[in-house]
Amino acid sequence: MVREQYTTTTPGTSLERPKNEYIYKIGIYGWRKRCLYLFVLLLLIILVVNFSLTIWILKVMWFSPTGMGHLRVTKEGLRLEGESEFLFPLYAKEIHSRVDSSLLLQSTHNVTVNARNSNGEVTGRLNVGPKMVEFHGQQFQINSKDGKPLFTVDENEVVIGTDKLRVTGPEGALFEHSVETPLVKAEAFKQLRLESPTRSLSMDAPRGINIKAQAGNIEALSQMDIKLQSSDGVLLLDAETVRLPKLPEGTRGGSGISQGLYEICVCPDGKLYLSVAGVGSTCQEYSRVCQ
1 MVREQYTTTT
11 PGTSLERPKN
21 EYIYKIGIYG
31 WRKRCLYLFV
41 LLLLIILVVN
51 FSLTIWILKV
61 MWFSPTGMGH
71 LRVTKEGLRL
81 EGESEFLFPL
91 YAKEIHSRVD
101 SSLLLQSTHN
111 VTVNARNSNG
121 EVTGRLNVGP
131 KMVEFHGQQF
141 QINSKDGKPL
151 FTVDENEVVI
161 GTDKLRVTGP
171 EGALFEHSVE
181 TPLVKAEAFK
191 QLRLESPTRS
201 LSMDAPRGIN
211 IKAQAGNIEA
221 LSQMDIKLQS
231 SDGVLLLDAE
241 TVRLPKLPEG
251 TRGGSGISQG
261 LYEICVCPDG
271 KLYLSVAGVG
281 STCQEYSRVC
291 Q
C-alpha cells in the first residue's frame, strides 16, 4: 500500500510537488504472512477434528434427546435397558425392575448394599458373598406381599410369624435350648420323633399335655426313668387295653383259683408289680418285690 501526501494551495499559486521521501508500505509480508496462514490452517484442522470427534462420540454413546444409550431420562427418574456395569458406588433412593422381568444384581466378588443416616454413618448393611450372606443392623425382617411379618430377628429373639413352620431336613431340627410352641406335628404319613441323645427331654404345660397318634403307636423310650407327673389332678390312661409286660411277679398272696389272672400291686414307694389274682386281694405290703 502506498501512501501519498498532498498539499492544499490557493488558486493562483503554484507549488512544486514534493519528492517521494516519506512513502512507506503497511501490511504483513514475507515469513510473517506465511506463519499467519499456517496458524489459521492449523486452527481450521483442529476445528474439523474436534467436530468429527464430537459426532463420533455422540454416535458411539447413542446420545439422544431422551438420554444416552440404554439410559433414558423420564419423569419418574432414570431407566436402564439391558445390562449395565457400574465401576464405582451407585447412590439411589429406589431401584426396581420392569413389570415383566426380574432384577438381577451380579458381581465377580460380592454385592454390598448400605443404608446410611444423615451423618453418613452406615446403619444397615447387606453383603452377598460367594459363600455367605451377611446382614448387619438392629433388626432383620421379612414381610409377605400384604405386609405381614414372616420372619423377624433382633438381639433378643427370633420371631416366625407364619401359621406353619415346616422343617424338611432328613435330620430334623436341632434346638440347643428350650422351644415354646403350642403344637408339634409331623407331616401326613410321617413319624414324629422327639429325641435328646445325651440329656433329658422335658415337656411342660400349664394346663396339660396332649399326645395323640391317630394312625399309629406312641412310644416313650428312655435309658433311665420316665416320669409322668401331675401337680394338681390325676394321671388317666384311657385305652381299651393297658399292658405292662415286664412287671415283676410277686409271691402268691391268698387262696383261690387265678385262672391266669393277675393283680397289679403298688409298693409303698410307688413301685408296681404283678401278683397272681385270687378271691381276695393278693397284694402284700412287705412283698419281696418291694424290698
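Count the sequence shown with the UniProt record's numbering and you get residues 1 to 291, in order. Beta carbons: idealized from backbone N, C-alpha and C, even for Gly.
Identity of the residue in Ile218, Gly124, Leu90 and Val99 nearest Lys140 by Cα: Before going further, note that residue 140 is Phe rather than Lys in the sequence given. Among Ile218, Gly124, Leu90 and Val99, the Cα nearest to that of Phe140 is on Gly124.
Comparing alpha-carbon positions, which option in His96, Thr168, Gly30 and Ser52 lies nearest Leu192? The shortest C-alpha to C-alpha distance from Leu192 to any of His96, Thr168, Gly30 and Ser52 is the one to Thr168.
Would you report the Cα separation of Thr282 and Asp238, rounded to the nearest angstrom? Just so you know, the alpha carbons of Thr282 and Asp238 end up roughly 25 Å apart.
CB-CB length for Gly67 against Val60, believed under 8 Å: For a cut-off of 8 Å, the C-beta gap from Gly67 to Val60 is around 15 Å, too long to register as a contact.
Less than 8 Å separating the beta-carbons of Ser230 and Cys265? The criterion of a C-beta distance shorter than 8 Å is not satisfied by Ser230 and Cys265.
How long is the line joining the alpha carbons of Leu43 and Leu53, rounded to whole angstroms? Rounded to the nearest whole angstrom, the CA to CA distance from Leu43 to Leu53 is 15 Å.
Sub-8 Å separation of Leu150 and Thr162 beta-carbons: Going by C-beta atoms, Leu150 is nearer than 8 Å to Thr162.
So, for Ser97: in the same chain, excluding its five sequence neighbours on each side, which residues have a beta-carbon less than 7 Å away from its beta-carbon? Closer than 7 Å at the Cβ level, and outside the excluded window around Ser97, lie Leu103.
For Arg3, which three-state DSSP category applies? Because Arg3 sits at a pLDDT of 48, beneath the cut-off of 50, its placement in the model cannot be relied upon, and the point is left open.
Counterpart residues of Val158 in DSSP-defined beta bridges: BP columns for Val158 point to Val153.
Where Tyr273 falls, given that 16 or more other Cβ within 10 Å makes a residue buried: Under this definition Tyr273 is a buried residue.
What residue range does the beta strand (DSSP E) around Phe39 cover? Not the beta strand (DSSP E): Phe39 falls in the alpha helix (DSSP H), residues Trp31 to Val60.
How is Gln291 classed by DSSP in three states: helix, strand or coil? Looking at Gln291 - three-state DSSP - the assignment turns out to be coil, as it is neither helix nor strand.
Is Glu263 helix, strand or coil when you go by DSSP? Three-state result, Glu263: strand.
What is the DSSP secondary structure of Tyr91, reduced to helix, strand or coil? Looking at Tyr91 - three-state DSSP - the assignment turns out to be coil, as it is neither helix nor strand.
CB of Pro130 within 8 Å of CB of Asn110, strictly: If you check the CB distance, Pro130 and Asn110 come in under 8 Å.
Less than 8 Å between the beta carbons of Val289 and Pro248, yes or no? Pro248 is positioned such that its CB atom lies closer than 8 Å to that of Val289.
N-terminal and C-terminal residue of the beta strand (DSSP E) that Ile209 is part of: That residue, Ile209, is in no beta strand (DSSP E); it is neither H nor E in DSSP.
Rounded to a whole number of angstroms, what is the C-alpha to C-alpha distance between residue 380 and Glu85? Look at the range of the chain in this structure, 1 to 291, and you will see that residue 380 is not part of it.
Alpha-carbon to alpha-carbon, Met224 and Val128: CA-CA distance, Val128 to Met224, rounds to 48 Å.
Selection from Val113, Pro182, Gln214 and Leu201 that minimises the alpha carbon distance to Phe189: The residue with the shortest Cα to Cα distance from Phe189 is Gln214.
Assuming Leu90 and Leu80 form a contact by the criterion Cβ under 8 Å, report the distance between their Cβ atoms to the nearest whole angstrom. Contact doesn't hold; Cβ gap of about 11 Å is too wide.
Among the candidates Pro182, Ala186, Val159 and Ile209, whose CA atom is the shortest distance from the CA of Gly172? It is Ala186.
Classify Val133 as helix, strand or coil using the three-state DSSP reduction. Residue state for Val133 is assigned as strand, using DSSP reduced to three classes.
Using DSSP's beta-bridge definition, name the partner residues of Leu78. Val73, per the DSSP bridge assignment.
Spatial distance of Gln284 from Leu228 (CA atoms): Gln284 and Leu228 have their alpha carbons spaced roughly 25 Å apart.
So, with DSSP's three-state summary, where would you put Gln191? Three-state DSSP puts Gln191 in coil, outside helix and strand.
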